[in-house]
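Just so you know, the protein sequences line up as chains D and W, in that order. For the first sequence, the numbering used here gives the first residue as 844, with consecutive numbering after it. For the second sequence, the numbering used here gives the first residue as 11, with consecutive numbering after it. Okay, so here's the structure we're looking at.
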Amino acid sequence: MRKSLMQYRALLVQSIHVEWANAERWLSPLLFAMTILILFAFAFGRVDEQFIPQLFIAATYLTAFFSLQIAFSRVLEPDMQDRVFDQMRSYPISPSAWFLSKFTLVLMLGVMILVPTLLLSHLFLNEGRNNLLSGSLFVIALIALLGLGSVGVLLSTMMLRSNAKQILYPLIYFPLTTPVLLAAVESSRAHLVEGASLENLLSSWLGLLVIFGIMYFTLSLLLFGELIKPD
Amino acid sequence: MLEIQELNFHYQYRRIIRQLSFQVKPGEILHIVGPNGCGKTTLMSILAGLRREHSGTITLRQTEGHILADRRTQVEYLPAEANALFGKMDAMRNLQFWMELRDHKPSVDAMREELARWDLDHPLIRENFPVERFSTGMKRRLALARVNLAQVSCWLLDEPLYGLDSRGIATFQDMLEKHQAGGGMALIVSHDTAPLQKFAIQTLDMKQEPSR
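Structure, rendered in structure tokens:
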């Protein structure tokens, strides 16, 4: 257990160092998100007040989804250089520690993208007319991030081990993430438009979001160990 | 002791390794030779745990009667065509990472001492200087420093002399001598045989067999 914790810490710290040393890796998804939101704001112009929450939800999740996809698909890229990934496989590393370190990194990157996306979306699309930002909305977005992040790490690892790298990621990522996205959008809409509380939502869309998050996390944790085994 | 018995490996329909058996005792160096494509690197990657053998057994004993459940705890692999270094990180950060993964407490003094042995301890080289800017030989020296700091009993070195100058080769010989004297084992694939001639080595000739 102590050894796994030490390995988790070492892997996470190294991943953060690598990300920090290459600012382009986390800056690109952020700039992409900003560009998309500006385009949305210009394209829609001044929107009738009653449609603002729907537009806010659609634009935010669409932008966040694609920005996160860019970030997640590249999360294991530094490990591909100079056969670092293979070298790590030749070390007695706990698969759980390895997966959890990458998952934590993905969550950190996700929050770095998601929070500015929410704030910018609110700034550009809402024009300060209503306060759409709330703690509950951030909670919904974070739960969605858990599910998307798990799938992101798993698929990035699959890409490293597969010959069909380019085609595999979008083919699997999009169908797997659709239920998470739908549940996140419906939860956010019910919260912002109908004023539903998180407690009420737990028995409907938010509950589904939580279940998908747990399911994807567990599946990814188990499958990751298989992906790093000898060929 | 490392013991390999009746090892078989095939790639698609081509048999790469066939009924291979040998053993390496503590303090022994095994020089693996053979023509290109005969399976030397494949054998190394199987022993490193990167590929799975199709049949046969690989046993690594730490002491007599004590078989390691996971041989990777006592095996350090140096691949032929790569050094497994994070290009954006400096030399110290790279060494620290690999040591931490082996659950060794990375001491700055120990790392600097190892870097000094490989002429990499200059303040402008060891820190805040990304490894991607190193020359081929410097990268190889840093990778060999990692091998030595791993503190394991079995080294798998695939073309370890690639890119090394005469001074680097002398340092490698010194490192290998100490490892051997300490009861360590080394399996070496190298087409450059001259630097190994000063050692009492065993040779494994993997003659290429006709494809079946």
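Cβ atoms here follow ideal geometry from the backbone N, Cα and C, with glycine treated the same way. Keep in mind that this is a model prediction, so the values were computed, not measured.
Exercise. Looking only at DSSP bridge pairs, what is L167(W) linked to?
Worked result: Beta-bridge pairing links L167(W) to L88(W) and I198(W).
Exercise. From the DSSP output, which residues share a beta bridge with E13(W)?
Worked result: For E13(W), which the question treats as bridged, DSSP gives the partners Q33(W) and T69(W).
Problem set entry | Cβ neighbours of L957(D) in the same chain (closer than 8 Å, five flanking residues each side left out) | Cβ neighbours of L957(D) beyond the five flanking positions: A907, L911, A984, L985 and L988.
Problem set entry | Assigned secondary structure, R24(W) (DSSP; H/G/I helix, E/B strand, else coil) | In the three-state reduction of the DSSP assignment, R24(W) falls in the strand class, which pools E and B.
Problem set entry | Cβ-based contacts, 8 Å cut-off: residues of the stretch 928 to 950 of chain D near chain W | Going along the stretch 928 to 950 of chain D in chain order, one finds D929, Q930, M931, R932, S933, Y934, P935 and I936 with a Cβ nearer than 8 Å to chain W.
Problem set entry | Contacting residues, own chain, Cβ-Cβ under 6 Å from G193(W) (five flanking each side not counted) | Same-chain partners within the cutoff: P36 and G37.
For this session: Could you round the C-beta distance between L963(D) and L898(D) to whole angstroms and report it? I think they count as a contact, below 8 Å.
Result: Contact flag wrong, Cβ pair sits at about 14 Å.
Exercise. From Q161(W) to Y87(W), what distance separates their C-alpha atoms?
Worked result: Roughly 12 Å separates the two Cα atoms.
Exercise. How would you list, in chain order, the residues of chain W whose beta-carbon sits under 9 Å from the beta-carbon of H860(D)?
Worked result: Under the 9 Å cutoff, chain W gives F96, K98, M99, R103 and F107.
Problem set entry | V118(W), enclosing alpha helix (DSSP H) - first and last residue | Element bounds for V118(W): V118 to R127.
Exercise. Does DSSP classify T213(W) as helix, strand or coil?
Worked result: Reduced to three states, the DSSP call for T213(W) is strand.
For this session: Have a look at the DSSP bridge pairing and note the partners of H41(W).
Result: According to DSSP, H41(W) shares a beta bridge with I198(W) and T213(W).
Exercise. For the stretch 154 to 167 of chain W, which residues have a beta carbon sitting closer than 8 Å to at least one beta carbon of chain D?
Worked result: Along the stretch 154 to 167 of chain W, there is no position whose C-beta sits under 8 Å from a C-beta of chain D.
Exercise. Looking at the C-beta of I14(W), does it have a partner C-beta in chain D at a distance below 9 Å?
Worked result: Proximity of I14(W) to chain D, defined by a Cβ-Cβ separation below 9 Å, is not satisfied.
For this session: Spell out the partners DSSP gives I77(W) in its beta bridges.
Result: Beta-bridge pairing links I77(W) to R71(W).
Exercise. By the criterion of Cβ-Cβ separation under 7 Å, what are the contact partners of E110(W) in chain D?
Worked result: Residues of chain D whose Cβ lies closer than 7 Å to the Cβ of E110(W) are, in chain order, M849 and A853.
For this session: Look up N93(W) in the DSSP assignment and say whether it is helix, strand or coil.
Result: The answer is coil: DSSP assigns N93(W) none of H, G, I, E or B.
Exercise. Terminal residues of the continuous alpha helix (DSSP H) containing D1074(D)?
Worked result: That residue, D1074(D), is in no alpha helix (DSSP H); it is neither H nor E in DSSP.
For this session: Report the rounded CA-to-CA distance for G47(W) versus F1055(D), giving the unit in angstroms.
Result: Each residue's Cα considered, the two are about 47 Å apart.
Problem set entry | Three-state secondary structure (DSSP) of N138(W) | Coil, per DSSP.
Exercise. Is there contact here, the stretch 164 to 172 of chain W with the stretch 118 to 138 of chain W, by at least three beta-carbon pairs under 8 Å?
Worked result: Taking a cut-off of 8 Å on C-beta distances, the stretch 164 to 172 of chain W does not touch the stretch 118 to 138 of chain W, as fewer than three cross pairs fall below it.
Exercise. In terms of alpha-carbon separation, which member of R82(W), T67(W) and H201(W) lies closest to L17(W)?
Worked result: Per the C-alpha coordinates, the member of R82(W), T67(W) and H201(W) positioned closest to L17(W) is T67(W).
Problem set entry | Anticipated Cβ contact below 8 Å, Q29(W) with M11(W), distance rounded | Rounded, the Cβ-Cβ distance is 20 Å, inconsistent with contact.
For this session: List the residues that DSSP assigns as beta-bridge partners of F19(W).
Result: Per DSSP, I27(W).
Problem set entry | Extent of the continuous alpha helix (DSSP H) to which P205(W) belongs | Counting along the chain, P205(W) falls outside any alpha helix (DSSP H), and DSSP gives it neither H nor E.
For this session: Reducing DSSP to helix, strand and coil, say where D922(D) ends up.
Result: Helix at D922(D).
Problem set entry | Contact set between Q926(D) and chain W, taken where Cβ atoms lie within less than 9 Å | Sequence check: residue 926(D) is Arg here, not Gln. Going along chain W in sequence order, the residues near R926(D) (Cβ under 9 Å) are P89, E91, A92, N93 and A94.
Exercise. Does any heavy atom of the ligand ADP sit closer than 8 Å to the C-beta of F885(D)?
Worked result: Of the ligands one can find in the structure shown there are none, so the ligand ADP has no counterpart to examine.
Exercise. Excluding the five sequence neighbours on either side, which residues of its own chain have a C-beta within less than 7 Å of the C-beta of L997(D), listed in chain order?
Worked result: Taken in chain order, the residues that qualify are S1063, L1066 and F1067.
Problem set entry | Within 9 Å, strictly: CB atoms of D175(W) and G147(W) | Their beta carbons are under 9 Å apart, which means D175(W) touches G147(W) by this criterion.
Exercise. What does a CB cutoff of less than 8 Å around K149(W) pick up in its chain, not counting 5 residues either side in sequence?
Worked result: Correct list, in chain order: N93, L95, V141 and G173.
Problem set entry | K846(D) vs D80(W) beta-carbon contact at 9 Å | Contact: no.
Problem set entry | Near-chain D residues of the stretch 55 to 81 of chain W - C-beta to any C-beta below 7 Å | The residues in question are A58, G59, L60, R61, R62 and D80.
Exercise. Taking the alpha helix (DSSP H) that N1043(D) falls in, what are its first and last residues?
Worked result: For N1043(D), the enclosing alpha helix (DSSP H) starts and ends at L1041 to L1044.
Exercise. At a cut of 8 Å, does the stretch 863 to 871 of chain D reach the stretch 937 to 946 of chain D through at least three beta carbon pairs?
Worked result: They do not touch, by the three-pair rule.
Exercise. Rounded to a whole number of angstroms, what is the C-alpha to C-alpha distance between P1073(D) and M931(D)?
Worked result: Rounded to whole angstroms, P1073(D) to M931(D) spans 12 Å at the Cα level.
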